[in-house]
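Peer 1: Here it is: the structure, laid out below.
2 protein chains.
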Amino acid sequence: MLLFNSRDDEYKVIVLVRQDIKMSKGKTAAQVAHAAVACALAAKKREPGVFEEWNGNGGKIVALKVDDERMLFEFKAIADEQRIVNSVISDAGRTEVNPGTCTCLGIGPEKQTLLDKITGELKML
Amino acid sequence: MLLFNSRDDEYKVIVLVRQDIKMSKGKTAAQVAHAAVACALAAKKREPGVFEEWNGNGGKIVALKVDDERMLFEFKAIADEQRIVNSVISDAGRTEVNPGTCTCLGIGPEKQTLLDKITGELKML
Numbered sequence: 444m445l446l447f448n449s450r451d452d453e454y455k456v457i458v459l460v461r462q463d464i465k466m467s468k469g470k471t472a473a474q475v476a477h478a479a480v481a482c483a484l485a486a487k488k489r490e491p492g493v494f495e496e497w498n499g500n501g502g503k504i505v506a507l508k509v510d511d512e513r514m515l516f517e518f519k520a521i522a523d524e525q526r527i528v529n530s531v532i533s534d535a536g537r538t539e540v541n542p543g544t545c546t547c548l549g550i551g552p553e554k555q556t557l558l559d560k561i562t563g564e565l566k567m568l
Numbered sequence: 444m445l446l447f448n449s450r451d452d453e454y455k456v457i458v459l460v461r462q463d464i465k466m467s468k469g470k471t472a473a474q475v476a477h478a479a480v481a482c483a484l485a486a487k488k489r490e491p492g493v494f495e496e497w498n499g500n501g502g503k504i505v506a507l508k509v510d511d512e513r514m515l516f517e518f519k520a521i522a523d524e525q526r527i528v529n530s531v532i533s534d535a536g537r538t539e540v541n542p543g544t545c546t547c548l549g550i551g552p553e554k555q556t557l558l559d560k561i562t563g564e565l566k567m568l
């Protein structure tokens, strides 16, 4: 029995997206993609077993809303404290937002049950 | 002089997103992220030099619109013909779309100039 493959305990990557900056659908998608790529590569290097379990089971990715930069970094602090792979994405600022603007935070791959304890209150994007 | 680092000739990943299926902003972002991760991992394996140039220079990702599945696969055929790394994302269908629905196509990382020749007519998402 592969416990990690059950719905409750599968691995996922969550990406927290700031709602206080205005981004188009495409820009948002690209920023979330940056976060997912950064998390995937970091996990592949640091925790190859976790990476394989996540990626081999569909590589679930979920985008969630955070109010602002402060809230984003509060979640980063929690992820750091719990030693969960995470990556803040700051934009080069060629389009839409100012250079260096932190747009989103990727967390994981980590078990769904653990991530839901941390960010379970956040709404889906 | 690092030619690949110039604005005209940098590497990028483009993700073509079907406009004939209805997806929320978050769902769209997650699908684009899947495509970017798949392309990044495939390039890292098959073309590590290209991957490093792309990822080391900000890992540009751009989301573009395609009308429907047929158009998506026409672009896939062109990418295959030109041997450009590409990945069709089909959704597990737990939410919003039917299981197995092809939602988007990631192409690259490849040089901007080449990709623009292929998909230059497509609008930004």
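Chains as they are written, first to last, in this note's numbering: chain A, 444 to 568; chain B, 444 to 568.
Each residue gets a CB set at the ideal place from its N, CA and C atoms; glycine is no exception.
Below 8 Å on the Cβ atoms is my contact criterion, and I expect proline 552(B) with valine 480(B) to pass it. Report the Cβ-Cβ distance as a whole number of Å.
Peer 2: Going by Cβ atoms, the distance from proline 552(B) to valine 480(B) rounds to 12 Å, so no, they are not a contact pair.
Peer 1: Return the residues of the stretch 513-537 of chain A that lie within a Cβ-Cβ distance of less than 7 Å from chain B, sorted by chain order.
Peer 2: For the stretch 513-537 of chain A, the residues whose beta carbon sits under 7 Å from a beta carbon of chain B are, in order, Ala535.
Peer 1: Flag alanine 486(B) as yes if its beta-carbon sits less than 8 Å from any beta-carbon of chain A, otherwise no.
Peer 2: no
Peer 1: Report yes or no: is there a C-beta of chain B within less than 8 Å of the C-beta of isoleucine 504(A)?
Peer 2: yes
Peer 1: Given this structure, state the Cα-to-Cα distance separating serine 530(A) from threonine 546(A), to the nearest angstrom.
Peer 2: Between serine 530(A) and threonine 546(A), the C-alpha separation is close to 11 Å.
Peer 1: Within its chain, find whatever has a CB closer than 6 Å to the CB of proline 542(B); leave out the 5 residues flanking it on each side and keep chain order.
Peer 2: Gly536
Peer 1: Quickly, what does DSSP pair asparagine 529(B) with across the bridge? List them, please.
Peer 2: Ile550(B)
Peer 1: Residues of chain B with a CB under 9 Å from the CB of glycine 501(A): which are they?
Peer 2: His477 and Ala535
Peer 1: Using only alpha-carbon positions, find the residue among Gly469(A), Ile527(A) and Glu564(A) that is nearest to lysine 455(A).
Peer 2: Of Gly469(A), Ile527(A) and Glu564(A), the residue nearest in Cα terms is Ile527(A).
Peer 1: At least one CB of chain A closer than 8 Å to the CB of threonine 556(B): is that the case?
Peer 2: no
Peer 1: For glycine 469(A), go through chain B and note every residue whose CB falls closer than 7 Å to its CB, in chain order.
Peer 2: Ala506, Met567 and Leu568
Peer 1: Within a Cβ cutoff of 8 Å, which residues of the same chain sit near lysine 566(A), ignoring the five residues on either side of it in sequence?
Peer 2: Leu507 and Lys508
Peer 1: In terms of residues, what are the limits of the alpha helix (DSSP H) holding alanine 506(A)?
Peer 2: According to the DSSP assignment, alanine 506(A) belongs to no alpha helix (DSSP H) but to the beta strand (DSSP E) extending over 503-509.
Peer 1: Check whether the Cβ atoms of aspartate 463(A) and aspartate 510(A) sit closer than 8 Å, and answer yes or no.
Peer 2: yes
Peer 1: Give me, in chain order, the residues of the same chain whose beta-carbon lies closer than 7 Å to that of alanine 485(B); leave out the 5 immediate sequence neighbours on both sides.
Peer 2: If the five residues before and after alanine 485(B) are omitted, its C-beta is found closer than 7 Å to the C-beta atoms of Val528 and Ser530, all from its own chain and listed in chain order.
Peer 1: Report yes or no: is there a C-beta of chain A within less than 8 Å of the C-beta of valine 540(B)?
Peer 2: no
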